[in-house]
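>
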Amino acid sequence: MNVSVGQDWVRWHGDYEAPRSSLARRLAVVRCHLWRALGEAPRDPAGGRRLISLCAGDGRDVLPVLAAHPAGTDVRGLLLELDPELSGRARRTAGSMGLRSVDVRTVDAGAADTYRDVGRAHIVLACGVFGNLSDADMRRTVAALPALMVPGGIVIWTRGRGLGAGDRSDDVRDGFAAYGFLELAFVRPEDARFRVGMSRLRKANGARLEPGARLFQFL
0 MNVSVGQDWV RWHGDYEAPR SSLARRLAVV RCHLWRALGE APRDPAGGRR
50 LISLCAGDGR DVLPVLAAHP AGTDVRGLLL ELDPELSGRA RRTAGSMGLR
100 SVDVRTVDAG AADTYRDVGR AHIVLACGVF GNLSDADMRR TVAALPALMV
150 PGGIVIWTRG RGLGAGDRSD DVRDGFAAYG FLELAFVRPE DARFRVGMSR
200 LRKANGARLE PGARLFQFL
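The sequence shown begins at 0 in numbering that gives the first Met the number 0 and counts up one residue at a time.
1) In angstroms with no decimal places, state the Cα-to-Cα distance between Arg30 and Val61.
2) So what's Val61 in DSSP terms, helix, strand or just coil?
3) Only counting runs of 4 or more residues, tell me where the alpha helix (DSSP H) segments fall wholly within the segment 111-183, in order along the chain.
4) Between which two residues does the alpha helix (DSSP H) containing Arg88 stretch?
5) For my contact list, Ala157 and Cys126 are in at a C-beta cut-off of 8 Å; report their separation, rounded to the angstrom.
6) On the criterion of 16 or more Cβ atoms from any shown chain inside 10 Å, does Asp57 qualify as buried, or is it exposed?
7) Across which residues does DSSP place Gly76 in a beta bridge pair?
8) Just how far apart, CA to CA, sit Glu84 and Arg59?
9) For Ser95, tell me which candidate among Leu65, Val123 and Tyr114 has the shortest Cα-Cα distance.
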């Protein structure tokens, strides 16, 4: 997670422990999408893949899937999380699962400079991000994602429905379509407010990250 005034993200993660909670249900969908992505995302010439998880929390959406999937050991994972307690948990979990190719960094995923030494990924996760951003930051982040990805790469994202009329996740879907992504899956439960999408970057579009720029800041 990124900085958000007044939000206790460690306590927020506790809701995952309630099996029928919205977060627990969302987690199951994200893991399912990641499992699929590990079978469908492109590979580099050596046969491996790179994965980046923005605002990764304690890594529970990524690490168990990498540990269980037949292709998981071929993934070089980078988990970015600003909260030191959560990133510490992710680091310990990756170690206990034998995921030696997973790098957990306690850094700000919203800063472009965080990605200076990061190669383009075959899979990107932006889960628990868009619902905490302004509309402008959401669009800026979606526009920047192609700079982090190889052509054909897959992004998995989440967004709550939001309050009031309409569904704010549709704004995110429109953003991905506008910036060259093809939607592969979209889950919108009738009895819950969470949404989970999966999209593929059609082709390289020349996007690049400007040094010193900010992609997003949590509200």
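Glycine included, each C-beta is placed from N, C-alpha and C at the ideal position.
If we stick to the structure as given:
1) The residue given as residue 30 occupies position 31 in the sequence shown. The residue given as residue 61 occupies position 62 in the sequence shown. Roughly 7 Å between the two C-alpha positions.
2) Residue mapping note: residue 61 aligns to position 62 of the sequence shown, counting from 1. Looking at Val61 - three-state DSSP - the assignment turns out to be coil, as it is neither helix nor strand.
3) 134-143 and 168-177
4) If you number the sequence shown from 1, residue 88 lands on position 89. Pro83 to Ser95 is the span of the alpha helix (DSSP H), which, as asked, contains Arg88.
5) Taking the first residue of the sequence shown as 1, we reach residue 157 at position 158. Taking the first residue of the sequence shown as 1, we reach residue 126 at position 127. As written in the sequence, residue 157 is Thr, which differs from the Ala given in the question. Yes, Thr157 and Cys126 are in contact; Cβ-Cβ is about 5 Å, under 8 Å.
6) Counted from its first residue, the sequence shown places residue 57 at position 58. Flag for Asp57 reads buried.
7) Residue 76 sits at position 77 when you count from the first residue of the sequence shown. Note: Gly76 sits in a beta bridge opposite Leu50 and Val101.
8) Your numbering for residue 84 matches position 85 in the sequence shown. Your numbering for residue 59 matches position 60 in the sequence shown. Their Cα atoms are separated by approximately 14 Å.
9) The residue you call residue 95 lines up with position 96 of the sequence shown. Among Leu65, Val123 and Tyr114, the Cα nearest to that of Ser95 is on Leu65.
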